[in-house]
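Working notes for the structure below.
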Amino acid sequence: MKDIIIITGGTNGLGKAIVDYSLHKDLLVCNLDREKSNTNNENYKEFIGDIADEKFVEDSIDEISKLGNIKYLINNAGEPSFKLPSEYNKSDIDKCFKGLRGMILCSSNTLRIKNEKDLKIVNIMSSAALRGNKQESVYCATKWGEKGYTESLKVAYKGTSVKVIGVYPGGINTNFYKNSRDYVTEEKQNTFMNPNEVAKIICDNIFSDLNLNVADIIIERN
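Numbering (this note's numbering), first residue to last: 7 to 228.
If you want it as structure tokens, here you go:
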């Protein structure tokens, strides 16, 4: 049975770049996303649904566990909402918090099914988890929550075979900003980092055979 890597939000953007990179390894790549992808590979499977939906996550991870040994979980999925503090509404808040809920649901279910052993969890967040911004207040709040969850996982599994990595990339040139053109113009987006290059930095650390664990990866553009 193959080793498995689970990637959330692997249909587009950075997630898709990580999927493509992982397919060059001897792994079964499982993507949890709301949208279908155009990836066609015998070592690729996708599970279509909302990572904030508890039943979808439970059912998907249970099914994946029957396909082989889950070795990696990459929590990547999330949605932004960039507005001034007074402009946020419930829909915006719910959108931002889906990533945090999905991270917790995917992590807790995978940890249970793996009996809290032999698992590497990689939580891809944002540089928004390291600072505040007037047009990212709710988005920053969720990313700070994801950082708190990540740091707590590190403490909970220190000295065990469960390893946890926090990833904090700056702006990446993807469609992540397509609904925020008043905040991030296409011209500005095109100055952001290449998703394939960011994916390579992340994956090179994840798949390293060295007897060490990189706890945090902060990736900034020049």
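Glycine residues also receive a C-beta, built at the ideal position from the N, C-alpha and C atoms. These numbers come from a predicted model, not from an experiment.
Within 10 angstroms of its Cβ, does Pro-91 collect 16 or more other Cβ (buried), or is it exposed? The residue given as residue 91 occupies position 85 in the sequence shown. Counting C-beta atoms within 10 angstroms of its own C-beta, Pro-91 has fewer than 16 neighbours from the protein chains shown and is therefore classed as exposed.
How do the stretch 188-202 and the stretch 100-119 stand: do at least 3 beta-carbon pairs fall below 8 Å, yes or no? Using a C-beta cut-off of 8 Å, the stretch 188-202 makes no contact with the stretch 100-119, since fewer than three inter-stretch Cβ pairs fall below that distance.
I'd like the list of long-range same chain contacts for Ile-224, defined as Cβ closer than 7 Å, with 5 residues on each side in sequence excluded. Locating residue 224 in the sequence shown gives position 218, where the first residue counts as 1. Taken in chain order, the residues that qualify are Tyr-174.
Taking the C-alpha atoms as reference points, what is the distance between Asp-39 and Leu-218? Residue 39 sits at position 33 when you count from the first residue of the sequence shown. Residue 218 sits at position 212 when you count from the first residue of the sequence shown. Between Asp-39 and Leu-218, the C-alpha separation is close to 31 Å.
Would you grab the beta carbon distance between Leu-52 and Asn-75 for me? Rounded to a whole angstrom, and I think it's under 8 Å. By 1-based counting over the sequence shown, the position of residue 52 is 46. By 1-based counting over the sequence shown, the position of residue 75 is 69. A small correction: the amino acid at residue 52 is Glu; Leu does not occupy that position in the sequence shown. About 19 Å separates the beta carbon of Glu-52 from that of Asn-75, a gap too long to meet the 8 Å contact definition.
Val-168, buried or exposed, once every other Cβ within 10 Å from all chains shown has been counted against 16: Position 162 of the sequence shown, counted from the first residue, corresponds to residue 168. By the 16-neighbour rule on beta-carbons within 10 angstroms, Val-168 is buried.
Option in Lys-149, Glu-60, Gln-141 and Asn-121 with minimal Cα separation from Cys-102: Numbered from 1 along the sequence shown, position 96 holds the residue referred to as residue 102. Closest option to Cys-102, Cα to Cα, is Lys-149.
Helix, strand or coil for Glu-52? Go by DSSP, reduced to three states. Here the question's residue 52 lines up with position 46 in the sequence shown. In the structure shown, Glu-52 sits in a strand (DSSP, three-state: E or B).
Tell me Thr-14's beta-bridge partners as DSSP assigns them. Taking the first residue of the sequence shown as position 1, residue 14 is located at position 8. For Thr-14, which the question treats as bridged, DSSP gives the partners Leu-38.
Val-25 burial status per 10 Å Cβ neighbour count (16 or more: buried): By 1-based counting over the sequence shown, the position of residue 25 is 19. Under this definition Val-25 is a buried residue.
If you scan the stretch 118-144 from start to end, which runs of the alpha helix (DSSP H) of 4 or more residues do you find wholly inside it? Positions of the alpha helix (DSSP H) runs, each at least 4 residues long and wholly inside the stretch 118-144, cannot be given because no such run exists.
So the candidates are Asp-215, Val-220, Asn-228 and Arg-227; which of them puts its Cα closest to the Cα of Lys-31? Stepping through the sequence shown from its first residue, residue 31 is reached at position 25. Ranked by how close their Cα comes to the Cα of Lys-31, the residues Asp-215, Val-220, Asn-228 and Arg-227 have Asp-215 in first place.
Below 8 Å, can you find three or more Cβ-Cβ pairs linking the stretch 178-188 to the stretch 46-65? They do not touch, by the three-pair rule.
For the alpha helix (DSSP H) that contains Gly-74, what are its first and last residues? Here residue 74 refers to the residue found at position 68 when the sequence shown is read from its first residue. No alpha helix (DSSP H) holds Gly-74; DSSP gives it neither H nor E.
Grab the span of the alpha helix (DSSP H) containing Val-25 for me, first residue to last. Within the sequence shown, residue 25 is the residue found at index 19, counting from 1. Here the alpha helix (DSSP H) through Val-25 covers 19-28.
Can you give me the start and stop residues for the alpha helix (DSSP H) that Pro-201 sits inside? Counting from 1 along the sequence shown, the entry for residue 201 is found at position 195. Residue range 201-212 is occupied by the alpha helix (DSSP H) that includes Pro-201.
On the three-state DSSP scale, how would you describe Gly-84? Translated into the one-based positions of the sequence shown, residue 84 becomes position 78. Coil, per DSSP.
Do Leu-34 and Lys-8 have their CB atoms nearer than 7 Å? Translated into positions along the sequence shown, residue 34 becomes position 28. Translated into positions along the sequence shown, residue 8 becomes position 2. In this structure, Leu-34 sits near Lys-8, with a CB-CB distance shorter than 7 Å.
Near Thr-166, what residues of its chain come up, given a Cβ to Cβ distance below 8 Å and the 5 sequence neighbours on each side ignored? To locate residue 166, count along the sequence shown from 1; it is residue 160. Taking Thr-166 as the centre and dropping the five residues before and after it, the same chain places the C-beta of Glu-122 and Lys-123 closer than 8 Å to its C-beta, in chain order.
Nearest neighbour of Ile-119, chosen from Ser-133, Asp-100 and Glu-69 [CA to CA]: Counting from 1 along the sequence shown, the entry for residue 119 is found at position 113. Checking every option, the nearest Cα to that of Ile-119 belongs to Glu-69.
By a C-beta neighbour count over all protein chains shown, 10 Å radius and 16 as the cutoff for buried, is Leu-73 buried or exposed? In the sequence shown, residue 73 corresponds to position 67, counting from 1. Taking every protein chain shown into account, the CB of Leu-73 has fewer than 16 other CB atoms within 10 angstroms, so this residue is exposed.
Whole-Å CB distance - Ile-207 paired with Tyr-78, under 8 Å assumed: Indexing the sequence shown from 1 puts residue 207 at position 201. Indexing the sequence shown from 1 puts residue 78 at position 72. Actually they are not in contact, since the Cβ atoms of Ile-207 and Tyr-78 sit about 16 Å apart, beyond 8 Å.
For Gly-177 and Arg-137, which I take to be in contact (beta-carbon distance under 8 Å), what is that distance rounded to the nearest angstrom? The residue given as residue 177 occupies position 171 in the sequence shown. The residue given as residue 137 occupies position 131 in the sequence shown. Wrong, their Cβ atoms sit about 13 Å apart, outside the cutoff.
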